[in-house]
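Okay, so here's the structure we're looking at.
Numbering (this note's numbering), first residue to last: 100 to 332.
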């Protein structure tokens, strides 16, 4: 009797350790070819047994008033029928609301910025490839824009490397198109991972920081309940 109980306890402990030592893997692919914009995010965890895909098949820029129109497709690999499609627009009002919500969360959490930095230091970037081709229909302008893009890319990668661990050498390309018309194409492929055990620990610390601030849980509930209501409208 005790023998089987001991075996069961050992099996449970090994399963828990296997889960905590597993990694969450994220793969992001973004492609823009002239007016065609597409993005794909894949999230895998529990050794690839669970996979979630997010697809943005199109992004339409409609001006300052309407902002960006988008459609988000979500698919899960466990239940093939468990999928959803969300669409909407990102305009100036939503950006202002987003900034306001961030301020509310910062006030409702003790040292939220420090928590974010500590969490990001445990994210490892295992792949980074970013290629861009550009033409401004003029050789001089195209050459200038190529140099600007190089500077922008290296600055962004340097900024990102100060927050996350770079376990790869970023591959950056900027290639000019010597044609007499405007053209812009870019592809971004990156992969990152984080320990599931550390993420659970990090979320526990976040909960503790929220509860330490008077009114913190109410602030988070107010922000995310409002987002849920907007999603169902």
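We treat Cβ as the ideally placed atom computed from N, Cα and C, and that holds for glycine.
- Annotation for residue 279: 236 place their beta carbon closer than 6 angstroms to its own, counting only its chain and skipping 5 residues before and after.
- Restricting attention to beta strand (DSSP E) runs no shorter than 3 residues, the stretch 270–294 encloses them at 270–275 and 281–294, ordered along the chain.
- A straight-line Cα-Cα distance of about 11 angstroms links residue 319 and residue 202.
- With a 10 Å radius around the Cβ and a threshold of 16 neighbouring Cβ atoms, residue 229 comes out buried.
- Taking residue 290 as reference, the option from 249, 126 and 145 with the minimal CA-CA separation is 126.
- For residue 209, same chain residues with a beta-carbon under 7 angstroms away, outside a window of 5 residues either side, are 308, 311 and 312 in chain order.
- Residue 302 counts as exposed, since fewer than 16 other C-beta atoms from the protein chains shown sit within 10 angstroms of its C-beta.
- The DSSP-derived three-state label of residue 226 is strand.
- Within the DSSP bridge table, the entry for residue 132 names 135 and 284 as partners.
- In the displayed model, residue 211 falls within a helix according to three-state DSSP.
- With contacts defined as CB atoms closer than 9 angstroms, residue 145 and residue 298 fail to qualify as a contacting pair.
- With respect to residue 154, residue 139 sits close: the two C-beta atoms are nearer than 9 angstroms.
- Beyond the five residues adjoining it in sequence on each side, residue 292 comes within less than 8 angstroms, by CB distance, of 122, 123, 124, 125, 222, 223 and 225 in the same chain, given in chain order.
- DSSP places residue 111 in the uninterrupted alpha helix (DSSP H) bounded by 101–120.
- The Cβ neighbour count for residue 220, taken over all protein chains shown within 10 Å, is under 16; the residue is labelled exposed.
- The beta-carbon separation of residue 285 and residue 231, rounded to 4 angstroms, stays under the 8 angstroms limit for a contact.
- Look at residue 204 here: in three-state DSSP terms it is helix.
- According to the DSSP assignment, residue 153 belongs to the beta strand (DSSP E) that extends over 149–155.
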